[in-house]
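Structure record follows, encoded as structure tokens.
Protein chains in written order, with our numbering: chain D, 1 to 474; chain X, 1 to 220.
As structure tokens, this is what we get:
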């Protein structure tokens, strides 16, 4: 059994060399990028929108207990139930117990990364409940028994031919690769599920404290059907999703949509608070909100990294990340991929097993630059690296290396001396033809790359020589 | 299933309070407030342009009588079957023109059937900045704007607000959020781009969203 880190390296190498995969992802993300350029142009001041979104989330996260209590009180006043889940197991148990008590046989779900995080589907299937993912992308990956490839675009890695073949095999009665007809086939298949399910499960993009409502965004309308037709609606969200006021959505809805897909606003921006009201025509009889901690309060306790909880899961940092674009979503082996996933996962699932993700970054800062709530993502990757080093035992050799490095960096003569030694060493290895072999100490670099060409003179020597020439010509 | 049996609640709250005794390392630097969106000078013009961009069919008519006729034309073009209508006094008056070949089901008789051909409702407000329609549970319920392949919204010019901020302000004034268990800001018709990022209209919700907007200020 290999570690998560070894699996990551193996899959990353495999996917980086898969040109078909890379073309597919490039095509999808190019479409996204041009759409985002148009989307941002609709703002008079996109930077101000980011700043305000950052401030709203900062306010909420730094008074998290107060706003969650306000939210809970308002949901209860509307006749809804609120359950606080400390762990994945707590959350799954609450939903499973509720399903058993209410004799639920079929569940329809809209896209929710939190339900992926807690592995809800297997927990419900284990007690004999049939679960339908109703977001088209999620429906596709569910039919393939795969996790979502991307937090916003779950089936980004598939061509329409792949999807056509899948539908032909699993749905029958359909043999086309026309997207319009494929969507129509999924619609027909899922309609039955919507009208027979006893329970609808959704996530929540925001929990609105002052109104006791959840905000759900959806383009397809599936989240609306999940929360309208079945007699029980369960919404599950991380505790960090709370925002103070409904009016904050006047900024957050357009910002989330623009960062997520480049749309001015998502097609259906819905607010739901409570079950069907006394004078209302339809809606579920019961409304349950599950507030999931699952490691988030530990992150809250870290004043340096607390702002990671500002994340609104728009997926923008995945799209701009050169590592994500090369290795793809499944390589991460985590619920949340890309830069935010690499920052968050060690906190949710343990720094020992997931520290490698912090190094899977070029620290180019594209993620930080694009983040709509201004999370300093690439610096958090650095913080994780530092924390990882502090928690693990380092070999004698590694400690000596860094002692030597420190010793040389504190004195220019020592640095020059070590540089000279390194040049001699490299020339010897290259001269003996050992570059990239097991005898090469720099093998992890040189086995996949051309040997380093060692210049005749050091940078210092060249600088001094050119300095003399510069001075001489003056 | 008693939600009071929740020992985790106290523990989570205690952890959060403990965590927040240490202030965040960073504080947002709040400079001078700048405008995020350009102010909207002509809401009707903007609303129509946005509708064009997001595939909402916006029909502007002179008065409510013309609204009724426009809808009659759309209804006449639909295959026979049931049409779900929000039971409001205004729509009751208009409905006499729509009956031919179709059964009307009023919202007071329950939610829309799965096989409804179209739904006809009012709205809380129209938002010019995004070309959106805000509906609530009071506009025929939750299913009214999502179940049928066509959703027709009947609105008046006095319902048009410039942007989301003013839409929320108006809802707060009227208490819409506390009176309804459901609100939805609808922008265009249902869509998906999950297959190769190709845009397909009519995923799970309506393929067509029609707004019939009367310019005459009348009691609805």
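Glycine residues also receive a C-beta, built at the ideal position from the N, C-alpha and C atoms.
No residue range can be given for residue 371(D), since it is assigned to no alpha helix (DSSP H) and is classified by DSSP as neither H nor E. At a Cβ-Cβ threshold of 9 Å, residue 97(X) and residue 72(X) count as neighbours. When Cβ pairs closer than 8 Å are counted between the two stretches, the region 15-33 of chain X is seen to touch the region 298-311 of chain D, the count reaching three or more. Judged by pairs of C-beta atoms under 8 Å, the region 90-105 of chain X does not touch the region 259-272 of chain D, as fewer than three such pairs exist.
At least one CB of chain D lies nearer than 9 Å to the CB of residue 31(X).
Residue pairing of residue 427(D) in beta bridges, as defined by DSSP: absent, with no partner found. Taking the Cα of residue 378(D) as reference, the smallest distance to any Cα among 387(D), 365(D), 389(D) and 143(D) is reached at 365(D). In the DSSP annotation of this structure, the continuous segment of the alpha helix (DSSP H) that includes residue 353(D) starts and ends at 351-354. Within the region 79-132 of chain D, the complete alpha helix (DSSP H) runs of at least 4 residues fall at 88-101, 113-117 and 120-126. For residue 41(X), no beta strand (DSSP E) encloses it, and the DSSP letter there is neither H nor E. Between residue 143(D) and residue 166(D), the CB-CB gap stays under 9 Å.
Counting only residues of its own chain and dropping the five nearest sequence neighbours on each side, residue 385(D) has a CB closer than 7 Å to the CB of 358 and 359. Within a 10 Å sphere around the beta-carbon of residue 374(D) sit 16 or more other beta-carbons, which makes this residue buried. Residues of chain X with a Cβ closer than 9 Å to the Cβ of residue 251(D) are, in chain order, 36, 164 and 165. At a cut-off of 9 Å between beta carbons, residue 45(X) makes no contact with chain D. Identification of residues in the region 183-202 of chain X having a C-beta nearer than 9 Å to some C-beta of chain D yields 183, 184, 185, 186, 187, 188, 189, 190, 191, 192, 193, 194, 195, 196, 197, 198, 199, 200, 201 and 202, given in sequence order.
Interface flag for residue 280(D) against chain X is set, since a Cβ pair is found closer than 9 Å. Burial check for residue 253(D): the Cβ neighbour count within 10 Å reaches 16 or more, so the residue is buried. A Cβ-Cβ distance of about 6 Å is found for the pair residue 208(D) and residue 243(D), placing them in contact under the 8 Å criterion. Here the alpha carbon of residue 120(D) sits roughly 6 Å from the alpha carbon of residue 92(D). Put simply, of 195(D), 171(D), 193(D) and 58(D) the residue whose alpha carbon is nearest the alpha carbon of residue 185(D) is 171(D). Within chain X, 182, 183, 184 and 185 have C-beta atoms less than 8 Å from the C-beta of residue 270(D), given in sequence order. Closest in C-alpha terms to residue 311(D), from the list 149(D), 61(D), 404(D) and 191(D), comes 61(D). Take residue 446(D), set aside five residues on each side of it, and the residues of its chain with a beta-carbon closer than 6 Å to its own are 435, 436 and 440, in chain order. Burial check for residue 278(D): the Cβ neighbour count within 10 Å stays below 16, so the residue is exposed. Residues of chain D whose Cβ lies closer than 8 Å to the Cβ of residue 12(X) are, in chain order, 84, 86, 239, 291, 293 and 297.
If you ignore the 5 residues before and after residue 380(D), its C-beta comes within less than 7 Å of the C-beta of 305, 308 and 343, all in its own chain and listed in chain order. Counting only Cβ-Cβ distances below 9 Å, residue 337(D) has no contacts in chain X at all, with the closest Cβ about 17 Å away.
With the rule of 3 Cβ pairs closer than 8 Å, the region 162-175 of chain X counts as touching the region 127-142 of chain X. The DSSP-derived three-state label of residue 195(D) is helix. Measuring C-alpha to C-alpha distances from residue 27(D) to each of 421(D), 337(D) and 325(D) identifies 325(D) as the nearest.
For residue 215(D), the beta-bridge partners assigned by DSSP are 206(D) and 271(D).
Interface with chain X (9 Å Cβ-Cβ cutoff): residue 267(D) is included. Within the region 204-222 of chain D, the residues whose Cβ lies closer than 8 Å to any Cβ of chain X are, in chain order, 211, 213, 219, 220, 221 and 222.
Counting along the chain, the unbroken alpha helix (DSSP H) around residue 378(D) starts and ends at 377-391. Restricting attention to 330(D), 38(D) and 174(D), the CA atom closest to the CA of residue 25(D) is found in 330(D).
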